[in-house]
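Chains as they are written, first to last, in this note's numbering: chain A, 196 to 308; chain B, 4 to 115. Single-structure report; data block below.
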Amino acid sequence: SAVISQKPSRDICQRGTSLTIQCQVDSQVTMMFWYRQQPGQSLTLIATANQGSEATYESGFVIDKFPISRPNLTFSTLTVSNMSPEDSSIYLCSVEKGAYEQFFGPGTRLTVL
Amino acid sequence: AQSVAQPEDQVNVAEGNPLTVKCTYSVSGNPYLFWYVQYPNRGLQFLLKYITGDNLVKGSYGFEAEFNKSQTSFHLKKPSALVSDSALYFCAVKTSYDKVIFGPGTSLSVIP
């Protein structure tokens, strides 16, 4: 298994600003994933972050809007840039361990005013 | 393209009764199937998975699921529901060369 922490747990931000979300894992992992989830709805994959290479973004998500860093095997950040109210969501990071099992952080609840 | 369907947005069951949360999938190749649970205001937790082998898999908290290749289904079951099982349940699928796709989720309410 894996224990994942995220900071901040929640934030309220003004339109046009940026927020960086941190994700820390208690063990080394190859891939880390960033998801977005509207409350009560399914998860949408934003990007996959491998250490030492550029993140791979899913359709509809771009690096300028959601830059990701992966400086080592236990840590990653996701920045939500130039925020608008449409970016209000829960952002989750996860890692894959064992045979394809994913373990998730507690999430960051973002509200953009 | 991969897809996952959970035909019921909401499932209500009385405490002590058996529960079933349905999942069907579509993939090219051999599927890897998963169930995750999300309790209110908490992150997702892994429940169980099917990779290969026995079609009936057992997981956490007394849950089990049966892989049915002919019906492309992977329904989640529990013989006796608890109020504490009330949560949002997600089915997910991947293949060895593709990313995980999550279903839309089913909200389970266990009524005392």
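Just so it is clear, CB atoms sit at the ideal spot from N, CA and C, and this is done for glycine as well.
From the DSSP secondary-structure annotation, give me the bridge partner or partners of A:C208. A:V307
Pick from B:P107, B:L111, B:T98 and B:P115: whose alpha carbon is nearest that of B:Q5? B:T98
Comparing the C-beta of B:F66 with each C-beta of chain A, is any distance below 7 Å? no
Which residues in the same chain as A:P262 place their Cβ atom closer than 6 Å to its Cβ, once the five residues preceding and following it in sequence are excluded? T274
Using the DSSP secondary-structure output, state which residues sit across from B:N15 in a beta bridge. B:S112
Exposed or buried, B:Q74, counting other C-beta atoms within 10 Å across all chains shown (16 or more means buried)? exposed
What is the DSSP secondary structure of B:V30, counted as helix, strand or coil? coil
Rounded straight-line distance, which links the Cα of B:Q48 to that of B:Y42: 8 Å
Collapsed DSSP secondary structure at B:E67 in the structure displayed: strand
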